[in-house]
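Notes to accompany the following structure.
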Amino acid sequence: MASPALILLILFMLIPVILAFALSFTNARLISPQPPRFVGLDNFIRAFTSDPVFLKSLVNTFIFAAVIVPVQAGFGLFLAILVNQKLRGITWFRVIFFIPVVTSIVVVSILWKFLYRQEGLINSMLDTLTFGYWNGPNWLNDPSTALPAIIFMSIWQAVGFHMLIWLSGLQTIPEELYEAAKMDGATTWQQFVNVTWPGLKTTRVFVLIQITIAALGLFVQPDVMTQGGPVNATSTLVYHAVRKGYRELETGYGATISLIFFILVLIIALIQHYLTREKN
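In full-length UniProt numbering, the protein residues as written are 1 to 280.
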């Protein structure tokens with residue numbers, strides 16, 4: 001019964017991983033009359049010593065993850081607490097927050113690319129609100145604002161998904177615990193610290209891991225909105241690997257970047273697993 005799924009996993013996951021591992025130690029090119037040649041650790045040395053774009057992509061990836069993980073998780077929890085109230089029409093608010101999630105990330109990226117233009121809606125709003133004093137920069141063409149602009153858009157697009165995950169966790173906490181806390185005179189903040197937060201342990205672990213993996217794998221937004229620019233200000237590890245492996249035809253070096261990315265994600269996942277393990 002499991003064989004169809006196992007065959008697909010072997011064909012599309014296990015074999016590509018093995019091939020990427022093997023190619024990372026060669027100078028293989030996607031289109032080349034010369035056969036691949038074993039070069040040992042040359043590709044890894046090149047990545048960390050003579051490829052400034054790789055180092056810039058590495059820094060951008062960690063900056064993106066360092067901002068996205070706490071902000072998106074925290075904002076999602078805040079929204080989940082708001083929409084968890086028993087109010088009339090609250091379902092519509094849940095739907096509104098979730099609409100960006102079910103919209104294609106490519107479509108969302110194209111939409112925000114137009115919003116971020118020099119004459120786009122965002123700058124028009126800033127110009128109106130400041131009475132013409134400040135109409136905003138060219139967000140995606142300025143190295144100092146391109147990555148923050150992508151971070152803001154990514155939070156807006158995905159926060160609804162994590163809101164629903166947090167909401168499902170909130171609804172598993174027994175109401176009796178809150179009633180007992182109120183009878184003991186607990187404030188709203190004390191209820192959150194002593195009832196809500198401990199009750200969300202399993203949900204918290206899932207949200208943390210899911211956001212981290214998604215943040216480290218950032219690709220679509222830079223590819224659609226900036227093509228890694230300006231001056232590689234929005235290039236990420238995944239984007240750089242794809243650019244080297246397919247667009248510049250350096251298959252071996254692209255596989256090396258992918259392998260480095262895999263090792264980094266594995267290390268971070270192990271650290272998260274250690275920090276979120278059961279203490280008992």
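All C-beta atoms, glycine included, are put in the ideal place defined by N, C-alpha and C.
Taking the alpha helix (DSSP H) that residue 160 belongs to, which residues open and close that run? 146–170
How would you call residue 86, buried or exposed, if buried means at least 16 neighbouring beta carbons within 10 angstroms? exposed
Integer Cβ distance of residue 94 from residue 83, believed to fall under 8 Å: 5 Å
By the 10 Å Cβ neighbour count, where 16 or more other Cβ atoms means buried, how is residue 106 classified, buried or exposed? exposed
Can you confirm whether the region 237–255 touches the region 1–17 when touching is taken to mean that 3 or more C-beta pairs between the two stretches lie within less than 8 Å? no
Whole-angstrom Cβ separation of residue 79 and residue 97, contact assumed at under 8 Å? 6 Å
I need the boundaries of the alpha helix (DSSP H) containing residue 235, first residue and last residue. Neither: residue 235 is in no alpha helix (DSSP H) and is coded neither H nor E.
Cut-off 6 Å between Cβ atoms - residues of its own chain near residue 90, not counting five sequence neighbours on either side: 83
Excluding the 5 residues flanking residue 68 on each side, which residues of the same chain have their C-beta closer than 7 Å to its C-beta? 151, 154, 155, 211 and 215
Drop a sphere of 10 angstroms on the beta-carbon of residue 74, count the other beta-carbons inside from all chains shown, and report buried for 16 or more, exposed for fewer. exposed
Which residues in the same chain have their Cβ closer than 6 Å to the Cβ of residue 127, if we skip the five residues on either side of it in sequence? 135
Return the first residue and the last residue of the alpha helix (DSSP H) that residue 10 is part of. Counting along the chain, residue 10 falls outside any alpha helix (DSSP H), and DSSP gives it neither H nor E.
Taking C-beta to C-beta, are residue 234 and residue 147 nearer than 8 Å? yes
Could you name each continuous alpha helix (DSSP H) segment of 4 residues or more that falls completely within the region 34–91, going from the start of the chain to the end? 42–49 and 52–83
From 113, 275, 181 and 165, pick the residue whose C-alpha is nearest to that of residue 224; which is it? 113
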